[in-house]
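K.L.:
Take a look at the following structure, please.
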Amino acid sequence: AGQVLAYAAMDAGMEVTWFPSYGPEMRGGTANCTVILADQEIGSPLVKYPQALIAMNAPSLDKFEPLVRPGGVIVVNSSLAHRGIERKDVKGIEIPANHIAEDLGDRRLANMVAVGALLTLLPVLEMEQVKQALREHLPERRRNLLEPNMRALDAGAAYAREHAFLGA
Numbered sequence: 003a004g005q006v007l008a009y010a011a012m013d014a015g016m017e018v019t020w021f022p023s024y025g026p027e028m029r030g031g032t033a034n035c036t037v038i039l040a041d042q043e044i045g046s047p048l049v050k051y052p053q054a055l056i057a058m059n060a061p062s063l064d065k066f067e068p069l070v071r072p073g074g075v076i077v078v079n080s081s082l083a084h085r086g087i088e089r090k091d092v093k094g095i096e097i098p099a100n101h102i103a104e105d106l107g108d109r110r111l112a113n114m115v116a117v118g119a120l121l122t123l124l125p126v127l128e129m130e131q132v133k134q135a136l137r138e139h140l141p142e143r144r145r146n147l148l149e150p151n152m153r154a155l156d157a158g159a160a161y162a163r164e165h166a167f168l169g170a
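Just so you know, we're using this note's numbering here: the sequence shown kicks off at 3 and counts up by one.
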């Protein structure tokens with residue numbers, strides 16, 4: 003999902019860094035991906051206090067929630083993180099991303115459900131820009147996932163429009 007956001011921003015002419023960290027902790031741990039989108043040159047790919055967080059599981063929420071800037075955005079996959087957002091100084095949504103993805107027919111779509119929710123709360127990119135990035139950058143061997151990913155984005159956005167809270 004981070005790579006798709008990076009491609010969409012790059013295609014829109016923004017400055018971008020994409021810094022994935024997928025180590026042995028990926029399964030059930032706090033693997034993470036940092037994406038920076040800016041209108042000016044980016045000085046460092048490292049972010050101490052991010053503007054936004056997508057926490058797909060409880061360990062990620064525990065580790066990264068305290069670091070989000072006041073006024074930022076937190077999207078929590080409530081299917082796997084069995085607690086809510088504790089902060090009151092952020093916008094947020096607790097979205098059952100895995101369940102929505104399963105309803106769409108493929109649990110692997112959970113991350114794109116979360117991205118759809120994020121873009122609703124933090125419109126740094128238009129949804130159509132992200133969909134266009136999918137069209138242009140999805141590898142040929144995964145083209146069968148194009149429409150499901152687009153439906154996942156839309157489902158996440160629809161859920162966020164109905165259930166987001168604005169704490170900030």
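By construction, the Cβ of each residue, glycine as well, lies at the ideal position given by its N, Cα and C atoms. Given the structure is predicted, the values throughout are model-derived calculations rather than measurements.
Could you name the residues of the same chain whose beta carbon sits closer than 6 Å to that of P141, not counting the 5 residues immediately before and after it, in chain order?
P.N.:
none
K.L.:
I'd like to confirm the pairing. Which residues does DSSP put opposite L39 in its beta bridges?
P.N.:
V18
K.L.:
Does the Cβ of R153 have 16 or more other Cβ atoms within 10 Å, making it buried, or fewer, making it exposed?
P.N.:
buried
K.L.:
Taking only the alpha-carbon atoms, compute the straight-line gap between Y51 and V75 and give it to the nearest angstrom.
P.N.:
12 Å
K.L.:
Can you name, in chain order, every residue of its own chain whose Cβ lies under 8 Å from the Cβ of G4, other than the five neighbours on each side?
P.N.:
W20, P22, C35, T36 and V37
K.L.:
Would L7 pass as a contact of L82 if the rule is Cβ separation under 8 Å?
P.N.:
no
K.L.:
Going by DSSP, name the residue or residues bridged to E96.
P.N.:
Note: E96 sits in a beta bridge opposite V78.
K.L.:
Work out the CA separation of I95 and R89 for me, nearest whole Å.
P.N.:
11 Å
K.L.:
Just the C-alpha distance for R85 and L123, rounded to the nearest angstrom, thanks.
P.N.:
20 Å
K.L.:
For L55, name the three-state secondary structure that DSSP assigns.
P.N.:
strand
K.L.:
DSSP puts S23 in a beta bridge; with which residues?
P.N.:
N34
K.L.:
Which word fits G118, buried or exposed, when buried means at least 16 other C-beta atoms lie within 10 angstroms of its C-beta?
P.N.:
buried
K.L.:
Cβ atoms of L148 and L136: under 8 Å apart, would you say?
P.N.:
Contact: yes.
K.L.:
Considering P141, what are the terminal residues of the alpha helix (DSSP H) in which it resides?
P.N.:
That residue, P141, is in no alpha helix (DSSP H); it is neither H nor E in DSSP.
K.L.:
Should A103 and V78 be called a contact, given that it needs their Cβ atoms to be closer than 8 Å?
P.N.:
Not closer than 8 Å, so no.
K.L.:
Just to confirm, does D64 get its C-beta within under 7 Å of one of the non-hydrogen atoms of the ligand SAH?
P.N.:
For the ligand SAH, the structure offers nothing, since it holds no ligand at all.
K.L.:
Assign A40 to one of two classes, buried (16 or more other C-beta atoms within 10 Å of its C-beta) or exposed (fewer than that).
P.N.:
exposed
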